[in-house]
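This note's numbering applies: residue -7 is where the sequence shown begins, and numbers increase by one. First up is the structure itself, then whatever we jot down about it.
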Amino acid sequence: MDPLPAHLLSVRELERAHIEHIFAVADRLLAQTNESAKPETILSGRTVALLFFEDSTRTRISFELAAKRLSAQVIAISSSASSVQKGETLLDTVRNILAMHVHAIVLRHSASGAPHFIARHVPVPVINAGDGTNEHPTQALLDAYTLRRRWGTLEGKKILIVGDIRHSRVARSNVHCLQRLGAHVMLAGPPTLLPSFFERWHVRVTYDVREALRWCDAVMTLRMQLERHQTKFVPSLREYASHYAVTADKLLGAQKEVLFMHPGPINRGVEISDELADGSQSLILEQVTHGLAIRMAILSLWCR
Ligand code: CP
-7 MDPLPAHLLS VRELERAHIE HIFAVADRLL AQTNESAKPE TILSGRTVAL
43 LFFEDSTRTR ISFELAAKRL SAQVIAISSS ASSVQKGETL LDTVRNILAM
93 HVHAIVLRHS ASGAPHFIAR HVPVPVINAG DGTNEHPTQA LLDAYTLRRR
143 WGTLEGKKIL IVGDIRHSRV ARSNVHCLQR LGAHVMLAGP PTLLPSFFER
193 WHVRVTYDVR EALRWCDAVM TLRMQLERHQ TKFVPSLREY ASHYAVTADK
243 LLGAQKEVLF MHPGPINRGV EISDELADGS QSLILEQVTH GLAIRMAILS
293 LWCR
């Protein structure tokens, strides 16, 4: 295996062997995700800065818990509570934090490429926790890890991603990660949110969710990213839901059991029905638990 990249900015920079290695470390650390487990001291003496300039529940909390479970110190700031509000640049903010002897930066930002920019200017690892519409590599890793734990392998498996593909960093990272691991990917959504250029990613594209649900082994439903919509892409959420929300009714005719995933936050009834989100085939909360193990693995590998 080649050495891991210096920063974790994109799934595209990871070879299959890198991903398998992260999964193997996560397998070892999964038992340590529970607070009652004996604490790991891998990151004792290290300090991790969580810079979240965009809202987050799952990613921020799981990075914070992951660092603490590995005995690192954590500092966490958000844009609303930082001097960015007074005009300080992102780079000056990061440089000032590093002057306090911080060993790694976890960055979420609404601007695509913000973590890549910071990575070019700092001497510590930068972990991309989601940048604009570009990538969310740790989400893709935890999604693939969840499926790999369920199935043993993703080789030859068929994964459907449904929703606002145009604005989804989760879709971008997942397509690359799933394909690296040998899965087949299909994208579904309204044409306005799934432009034809996505076919260049060597994925199948469809506008018919019922047909796609008959094809897949697992479906990832994605949130409508309304905060990134600069114009109207669908007439209304109700009309979107009637065509694209994944429901038991649309699954009629599927000959096999399908697994349901969602990176969160869910808009229930818009992207997926309550019945499926909370049903026995849902992996949604497993994704969250596995997110902690994956982020522990990532911090343990990148923040040494
Ligand atoms: N999946 C995800 O990134 O969720 P948060 O925005 O809550 O971190």
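Heads up, the beta-carbon is just placed ideally off N, CA and C, and yes, glycines get one too. Given the structure is predicted, the values throughout are model-derived calculations rather than measurements.
Of all residues in the structure, which have a C-beta closer than 7 angstroms to any heavy atom of the ligand CP, taken in chain order?
For the ligand CP, the selected residues are D47, S48, T49, R50, T51, R52, G122, H128, Q131, V162, P255, G256 and P257.
What does D123 pair with, by DSSP beta-bridge criteria?
To locate residue 123, count along the sequence shown from 1; it is residue 131. Partner(s): H101 and E127.
Short check: CB of G105 to CB of R161, under 9 angstroms?
Position 113 of the sequence shown, counting from 1, holds the residue named residue 105. Position 169 of the sequence shown, counting from 1, holds the residue named residue 161. Taking 9 angstroms as the Cβ cut-off, G105 and R161 do not qualify as a contacting pair.
With 16 as the cutoff for other CB atoms within 10 Å, does G245 come out buried or exposed?
Position 253 of the sequence shown, counted from the first residue, corresponds to residue 245. It is exposed - the Cβ of G245 has fewer than 16 other Cβ atoms within 10 Å.
Assess contact between the region 110 to 126 and the region 138 to 145, defined as three or more Cβ pairs (one per stretch) separated by less than 8 angstroms. Is contact present?
Segments in contact, no.
Check the DSSP bridge columns for L251 and list the partner residues they point to.
In the sequence shown, counting from the first residue as 1, residue 251 sits at position 259. Beta-bridge pairing links L251 to A210.
Look at I89 and I67 and say whether their C-beta atoms are less than 9 angstroms apart.
The count along the sequence shown starts at 1 and reaches residue 89 at position 97. The count along the sequence shown starts at 1 and reaches residue 67 at position 75. Cβ atoms of I89 and I67: closer than 9 angstroms.
Note down the Cα distance separating R205 from A73, rounded to an integer number of angstroms.
The sequence position of residue 205 within the sequence shown is 213, counting from 1. The sequence position of residue 73 within the sequence shown is 81, counting from 1. The sequence as given places Leu at residue 205; Arg does not occur at that position. Near 43 angstroms, if we compare the C-alpha coordinates of A73 and L205.
With H, G and I counted as helix, E and B as strand and the rest as coil, what does DSSP make of Q273?
In the sequence shown, the residue the question calls residue 273 occupies position 281. In the structure shown, Q273 sits in coil (DSSP, three-state: anything other than H, G, I, E or B).
Between the alpha carbons of D209 and H176, how many angstroms are there, rounded?
Looking up residue 209 in the sequence shown gives position 217. Looking up residue 176 in the sequence shown gives position 184. Distance between the alpha carbons of D209 and H176: 10 angstroms.
Going by beta carbon distance, what residues of the same chain come within less than 6 angstroms of R260, once the five residues before and after it are set aside?
Here residue 260 corresponds to residue number 268 of the sequence shown, with the count starting at 1. D266, listed in sequence order.
DSSP puts V118 in a beta bridge; with which residues?
Taking the first residue of the sequence shown as 1, we reach residue 118 at position 126. The partner list for V118 (beta bridge, DSSP) reads I97.
Determine the burial state of E203: buried for a count of at least 16 other Cβ atoms within 10 Å of its Cβ, exposed for fewer.
Against the sequence shown, residue 203 aligns to sequence position 211. Exposed, since its Cβ has fewer than 16 Cβ neighbours within 10 Å.
Residues in the same chain with beta-carbon distance under 7 angstroms from H108, minus the five sequence neighbours each way, listed in chain order, please.
Walking along the sequence shown from the start, residue 108 turns up at place 116. If we look at H108 and ignore the five residues flanking it on each side, its Cβ neighbours are L1.
Take R140 as the anchor and find which of A41, A111, N126 and R172 has the nearest alpha-carbon.
Start at 1 with the first residue of the sequence shown, and residue 140 comes out as number 148. When only C-alpha atoms are compared, the closest one is R172.
With distances taken from CA atoms, which of L214, T51 and H168 is nearest P182?
Indexing the sequence shown from 1 puts residue 182 at position 190. For the residues L214, T51 and H168, the minimum Cα distance to P182 belongs to L214.
Hey, R50 and Q24 are a contact pair by Cβ (cut 8 angstroms); roughly how many whole angstroms apart?
The residue you call residue 50 lines up with position 58 of the sequence shown. The residue you call residue 24 lines up with position 32 of the sequence shown. Between Q24 and R50 the Cβ distance is about 19 angstroms, and since that is not below 8 angstroms, they are no contact.
Starting from I157, follow the beta strand (DSSP E) in both directions and report where the run begins and ends.
Position 165 of the sequence shown, counted from the start, is the residue given in the question as residue 157. That residue, I157, is in no beta strand (DSSP E); it is neither H nor E in DSSP.
Please classify H93: is it buried, with 16 or more other beta-carbons within 10 angstroms of its beta-carbon, or exposed?
As a working note, residue 93 is residue 101 in the sequence shown. It is exposed - the Cβ of H93 has fewer than 16 other Cβ atoms within 10 Å.
From the DSSP output, which residues share a beta bridge with I41?
Translated into positions along the sequence shown, residue 41 becomes position 49. Ile is not the amino acid found at residue 41; the sequence shown has Ala there. According to DSSP, A41 bridges with I67 and I97.
Classify T85 as buried or exposed, calling it buried when 16 or more other Cβ atoms lie within 10 Å of its own Cβ.
By one-based count along the sequence shown, residue 85 stands at place 93. Per the 10 Å Cβ criterion, buried.
Which same chain residues, not among the five before or five after A29, have their C-beta less than 7 angstroms away from its C-beta?
For this step, residue 29 is matched to residue 37 along the sequence shown. Here the set comprises A23.
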